[in-house]
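>
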Amino acid sequence: QKEVEQNSGPLSVPEGAIASLNCTYSDRGSQSFFWYRQYSGKSPELIMFIYSNGDKEDGRFTAQLNKASQYVSLLIRDSQPSDSATYLCAVSKSGGYNKLIFGAGTRLAVHP
Amino acid sequence: GAVVSQHPSRVICKSGTSVKIECRSLDFQATTMFWYRQFPKQSLMLMATSNEGSKATYEQGVEKDKFLINHASLTLSTLTVTSAHPEDSSFYICSAPPGPENTEAFFGQGTRLTVV
Numbered sequence: 015q016k017e018v019e020q021n022s023g024p025l026s027v028p029e030g031a032i033a034s035l036n037c038t039y040s041d042r043g044s045q046s047f048f049w050y051r052q053y054s055g056k057s058p059e060l061i062m063f064i065y066s067n068g069d070k071e072d073g074r075f076t077a078q079l080n081k082a083s084q085y086v087s088l089l090i091r092d093s094q095p096s097d098s099a100t101y102l103c104a105v106s107k108s109g110g111y112n113k114l115i116f117g118a119g120t121r122l123a124v125h126p
Numbered sequence: 643g644a645v646v647s648q649h650p651s652r653v654i655c656k657s658g659t660s661v662k663i664e665c666r667s668l669d670f671q672a673t674t675m676f677w678y679r680q681f682p683k684q685s686l687m688l689m690a691t692s693n694e695g696s697k698a699t700y701e702q703g704v705e706k707d708k709f710l711i712n713h714a715s716l717t718l719s720t721l722t723v724t725s726a727h728p729e730d731s732s733f734y735i736c737s738a739p740p741g742p743e744n745t746e747a748f749f750g751q752g753t754r755l756t757v758v
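See the structure below:
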């Protein structure tokens, strides 16, 4: 079992729709959870991080964490073509920043 | 915000030669630098953790004699791929936390290595 699992996609959504990206992790000791966006050939860019169960909103993005289910998700509202990228879920075992374990990423395609 | 500068962005080398990749923290001191490798359509895999003034810590399965890491100062960490082979062709990325309380990891721009 992979430590961090994501559906590879592609996830295709129309412009303006909500894109829902999911991630599960295997280590119950994981404490910090991150969503990164990566464009082809580029380094990852941090979108959001979340530590506590529940929802965390930042602009068009909402991260949701359920530690009991070992599940973290990212919702993107009003999806734009510029959101088309690969979204990486990452977890860290200690509070704050430590080495990150990444999922394989979900490719999102937003079509006009 | 904090910036990690990584060079070169692209390098093509012949099989058997060595390649050095540099990562510099421009406006903060990085006591730790993480080195990742990413193959096409795969995730970032942590290779090693470099620590200023001490030996790097390598992840299981990563050859420490092949991937030499040096963290000689608080602003510079280097990864040298020795005796490179075509299977070493990959995207190499460094990452540094700007401080122990900061939650964000800052990534270098990445280095696309092609071994021919």
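Sequences listed follow chains A and B, in order.
For what it's worth, the working numbering labels the leading residue of the first sequence as 15, then goes sequentially.
For what it's worth, the working numbering labels the leading residue of the second sequence as 643, then goes sequentially.
Even glycine gets a Cβ: it sits at the ideal position worked out from N, Cα and C.
1. Excluding the 5 residues flanking Ala132/A on each side, which residues of the same chain have their C-beta closer than 7 Å to its C-beta?
2. Between Gly750/B and chain A, is any beta-carbon pair separated by less than 8 Å?
3. What separation, rounded to the nearest whole angstrom, lies between the Cα atoms of Glu746/B and Gly658/B?
4. In terms of residue numbering, what span does the beta strand (DSSP E) encompassing Gln78/A cover?
5. Quick one: list the residues of chain A neighbouring Gln684/B, beta-carbon separation under 7 Å, in chain order.
6. Count the other C-beta atoms from every protein chain shown that fall within 10 angstroms of the C-beta of Asp707/B, then say buried if there are 16 or more, exposed otherwise.
7. Could you tell me which chain B residues have their CB closer than 7 Å to the CB of Gly73/A, listed as they occur along the chain?
8. Taking 8 Å as the cut-off, does the segment 76-93 of chain A touch the segment 26-43 of chain A (at least 3 CB pairs, one atom from each stretch)?
9. With contact counted as at least three CB pairs below 8 Å, one residue from each stretch, are the segment 725-737 of chain B and the segment 651-667 of chain B in contact?
10. If I follow the unbroken beta strand (DSSP E) through Lys697/B, where does it start and stop?
11. Evaluate Phe681/B with the Cβ neighbour count: other Cβ atoms within 10 Å of its Cβ, from every protein chain shown; 16 or more gives buried, anything less gives exposed.
12. For Phe748/B and Ile711/B, I'd like the C-alpha separation in whole angstroms.
13. Round the Cβ separation of Ile64/A and Phe75/A to the nearest angstrom and send it over; I've been treating them as touching at under 8 Å.
14. Under the rule that 16 or more other beta-carbon atoms within 10 Å means buried, what is Gln702/B, buried or exposed?
15. Closer than 8 Å, CB to CB, is Ala698/B near chain A or not?
16. Could you tell me the distance, in whole angstroms, from the CA atom of Arg679/B to the CA atom of Leu25/A?
17. Got a sec: which bits of the segment 699-724 of chain B sit with their beta carbon under 8 Å from any beta carbon on chain A, in order along the chain?
18. Going straight from the alpha carbon of Ile735/B to that of Asp92/A, what length do you get?
19. Can you list, in chain order, the residues of its chain whose CB lies under 7 Å from that of Asn21/A, leaving out five sequence neighbours each side?
By the coordinates alone:
1. No statement about residue 132/A is possible, as the shown extent of chain A runs from 15 to 126 and does not include it.
2. On the second sequence, position 108 is the one that residue 750/B refers to. With 8 Å as the cut-off, Gly750/B counts as an interface residue toward chain A.
3. By 1-based counting over the second sequence, the position of residue 746/B is 104. By 1-based counting over the second sequence, the position of residue 658/B is 16. Going from the Cα of Glu746/B to the Cα of Gly658/B covers about 37 Å.
4. The residue given as residue 78/A occupies position 64 in the first sequence. 75-80 is the extent of the beta strand (DSSP E) around Gln78/A.
5. The residue labelled residue 684/B in the question sits at position 42 within the second sequence. Residues of chain A passing the Cβ test: Ala118.
6. For the purposes of this step, residue 707/B is identified with residue 65 of the second sequence, where counting begins at 1. Exposed, since its Cβ has fewer than 16 Cβ neighbours within 10 Å.
7. Position 59 of the first sequence, counted from the start, is the residue given in the question as residue 73/A. Within 7 Å Cβ-Cβ: nothing; Gly73/A doesn't reach chain B, min ~16 Å.
8. yes
9. yes
10. As a working note, residue 697/B is residue 55 in the second sequence. Per DSSP, Lys697/B belongs to the beta strand (DSSP E) from 696-700.
11. Locating residue 681/B in the second sequence gives position 39, counting from the first residue. It counts as exposed.
12. If you number the second sequence from 1, residue 748/B lands on position 106. If you number the second sequence from 1, residue 711/B lands on position 69. Near 19 Å, if we compare the C-alpha coordinates of Ile711/B and Phe748/B.
13. Here residue 64/A refers to the residue found at position 50 when the first sequence is read from its first residue. Here residue 75/A refers to the residue found at position 61 when the first sequence is read from its first residue. 11 Å between Cβ atoms; not a contact.
14. Locating residue 702/B in the second sequence gives position 60, counting from the first residue. By the 10 Å Cβ count, Gln702/B comes out exposed.
15. Along the second sequence, one-based indexing puts residue 698/B at 56. So, not an interface residue.
16. Taking the second sequence and counting its residues from 1, the one referred to as residue 679/B is at position 37. Taking the first sequence and counting its residues from 1, the one referred to as residue 25/A is at position 11. Straight-line Cα distance between these residues: approximately 25 Å.
17. none
18. Locating residue 735/B in the second sequence gives position 93, where the first residue counts as 1. Locating residue 92/A in the first sequence gives position 78, where the first residue counts as 1. Straight-line Cα distance between these residues: approximately 31 Å.
19. The count along the first sequence starts at 1 and reaches residue 21/A at position 7. Hits under 7 Å: Asn36, Thr120.
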